[in-house]
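Novice: Below you will find the structure I want to go over with you.
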């Protein structure tokens, strides 16, 4: 799936950042990178910081991995396909709806 592939690529960029920006090792140009990638990179960096400091925020959909978002959607019987943004919007929308008793 594209969302999982995109997440894996962003994770690789975050992990290999020193090598990528080192002009003697990596010759990568970011001139044509879409602006939306900045959000994805910041998400990965923030997620990494939470792992490093041992904290976890299960209520913050924005820093969750795509696999976790899909598991939550599946548990609610919702569509698990789509971009990260679509999955987050579905979860937020359905978290606000309380079942009728």
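In our numbering, the protein residues as written are 8 to 108. Ideal Cβ placement from N, Cα and C applies to all residues, glycine included. Nothing here was measured: the structure is a model prediction, and the numbers come from that model.
1. Give me, in chain order, the residues of the same chain whose beta-carbon lies closer than 7 Å to that of residue 52; leave out the 5 immediate sequence neighbours on both sides.
2. Pull up the distance between the alpha-carbon of residue 93 and that of residue 46, whole angstroms please.
3. Pick helix, strand or coil for residue 99, following the three-state DSSP scheme.
4. If you draw a straight line from the alpha carbon of residue 9 to that of residue 34, how long is it in whole angstroms?
5. Would you identify the three-state DSSP class for residue 72, choosing helix, strand or coil?
6. Thinking just about the alpha-carbon of each residue, which of 38, 85, 72 is nearest to the one in residue 16?
7. Using only the alpha-carbon positions, how far apart do residue 90 and residue 74 sit?
8. Alpha carbons only, please: which of 26, 48, 25, 32 is nearest the one belonging to residue 3?
9. Just to confirm, is the Cβ distance from residue 29 to residue 50 under 9 Å?
10. Is DSSP giving residue 52 helix, strand or coil here?
Specialist: Taking the structure as given:
1. 21
2. 14 Å
3. helix
4. Near 25 Å, if we compare the C-alpha coordinates of residue 34 and residue 9.
5. Coil, per DSSP.
6. 72
7. 12 Å
8. Residue 3 cannot be examined here, being either before or after the span of the chain that is shown, 8 to 108.
9. Inclusion of residue 29 and residue 50 in the CB contact set at 9 Å is not warranted, their separation being larger than that value.
10. helix
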